[in-house]
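Residue numbers (the numbering used here): 1445 to 1751.
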């Protein structure tokens, strides 16, 4: 009994049954997880990117809105200096006979370019120096859900917008103040583009100065940089006329404002007027200035933001 019980086939070993090969458990089919997660990931990235640009837009819009509320002080800040340059150099010296005929037509594009560049520079550098040192307002921007680079770019873009506004306001003032000047309407789109580029390169220079210079020295930095920038930017004279003062012509070549002034003159002066630097060279030099000063300024902004 014990032996029979031990040898009695049971279960799968029973007579008349074949031992079937063990069936492998079916491999789970890959769920559409990667594809859906890819779509979800891409959708998440799109949402994050959209959130960043929305935040960037609202920060920029807030600054523009504040400028609109303070339009009178802003216009007083950006119009006094170029107005007196036009009045003294273009009107007074012309009536006294100390300037040659046609000088007003050379001066007006240069002063408009100067306003685009300097207003952008000042409205980028000075607020940055103050925000990083005294008010610490920049910390609110750095806590926003956008990269630090976009905070720096917003500062440059806002300064460029202010510079564009300041330069456009000077056009009717110059036309009303000076005699024997003209502004061809068909050149308006091109001049808007050049003034925008001038504002951008001025903003990148302002970003560099505002992040590299300590706030307690910003007034000294402005005093040492703004005057040389103004008088080496070919705003009161054509660059080609400096061929007999070669060292000063080379010095003016290093100033990005020179190319903004020359591009404006190339668009506005008549064909028989003074020779200007070709427009493609001016645009390339302005773009190179934006890249170089933007790179230096963003690095300085990163360093100040981490302090």
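We put the CB at the ideal spot given by N, CA and C, even for glycine.
In this text the structure is predicted, and so the values were computed from the model without any measurement.
Cβ separation of residue 1574 and residue 1659, assumed to be a contact under 8 Å, to the nearest whole Å: Between residue 1659 and residue 1574 the Cβ distance is about 6 Å, and since that is below 8 Å, they are a contact.
N-terminal and C-terminal residue of the alpha helix (DSSP H) that residue 1746 is part of: 1723–1750
Rounded separation between residue 1642 and residue 1567 - CA only: 14 Å
For residue 1559 and residue 1512, believed in contact at Cβ under 8 Å, the rounded distance: That pair is no contact at about 19 Å.
Nearest to residue 1604 (by Cα), restricted to the options 1725, 1736 and 1508: 1508
Residues of its chain near residue 1750, where Cβ-Cβ distance is below 6 Å and the 5 sequence neighbours each way are ignored: For residue 1750, there are no CB contacts under 6 Å within the same chain when 5 residues up- and downstream are skipped.
Closest by C-alpha distance to residue 1497, when choosing among 1590, 1515, 1585 and 1546: 1590
CA-to-CA distance, residue 1693 to residue 1687, given in whole angstroms: 7 Å
Within 8 Å, strictly: CB atoms of residue 1669 and residue 1644: no
From 1708, 1556 and 1619, residue whose alpha carbon lies closest to that of residue 1724: 1708
Alpha helix (DSSP H) runs contained entirely in the region 1516–1595, provided each spans 4 or more residues: 1547–1574 and 1582–1586
Candidates 1706, 1596, 1563 and 1672: closest to residue 1755 by CA position: Absent from the model: residue 1755. The displayed extent of the chain is 1445 to 1751, so no value can be given.
Span of the alpha helix (DSSP H) around residue 1690: 1690–1697
Three-state class that DSSP yields for residue 1681 in the structure shown: coil
Sequence-distant residues of the same chain with beta carbon closer than 8 Å to residue 1465, five excluded per side: Since pLDDT at residue 1465 reaches only 49, below the 50 mark, its modelled position is unreliable, and the value read off the structure follows with that caveat. None.
Under 8 Å between C-beta atoms of residue 1734 and residue 1706: Going by beta carbons, residue 1734 and residue 1706 fall outside the 8 Å limit.
Residue 1600 classed as buried or exposed, judged by whether at least 16 other C-beta atoms fall within 10 angstroms: buried
Meets three-Cβ-pair contact criterion under 8 Å: the region 1617–1627 and the region 1541–1558: yes
Residue 1754 burial status per 10 Å Cβ neighbour count (16 or more: buried): The chain is shown only over 1445 to 1751; residue 1754 falls outside these bounds and no answer can be derived.
Span of the alpha helix (DSSP H) around residue 1634: 1632–1656
Among 1664, 1663, 1522 and 1503, the one whose alpha carbon lies nearest that of residue 1582: The residue with the shortest Cα to Cα distance from residue 1582 is 1503.
Cβ pair residue 1748, residue 1655 closer than 8 Å: Their beta carbons are under 8 Å apart, which means residue 1748 touches residue 1655 by this criterion.
Alpha carbon of residue 1569 to alpha carbon of residue 1493, nearest angstrom: Distance between the alpha carbons of residue 1569 and residue 1493 is about 28 Å.
Beta-carbon proximity of residue 1595 to residue 1737, cut-off 8 Å: no
Identity of the residue in 1608, 1577, 1730 and 1635 nearest residue 1701 by Cα: 1730
Beta-carbon separation (whole angstroms), residue 1628 vs residue 1682, contact threshold 8 Å: Contact between residue 1628 and residue 1682 is ruled out by a C-beta separation of about 18 Å, above the 8 Å threshold.
Residue 1699 beta carbon less than 8 Å from that of residue 1728: no
Residue nearest to residue 1607 in terms of C-alpha spacing, selected from 1545, 1598, 1561 and 1666: 1561
For residue 1714, the first and last residue of its enclosing alpha helix (DSSP H): Residue 1714: not part of any alpha helix (DSSP H); DSSP gives it neither H nor E.
Nonlocal neighbours in the same chain, by C-beta distance under 7 Å from residue 1757, ignoring five residues either side: Missing from the structure shown is residue 1757; the chain here goes from 1445 to 1751 and no further.
Helix, strand or coil at residue 1510 according to DSSP, with G and I counted as helix: helix
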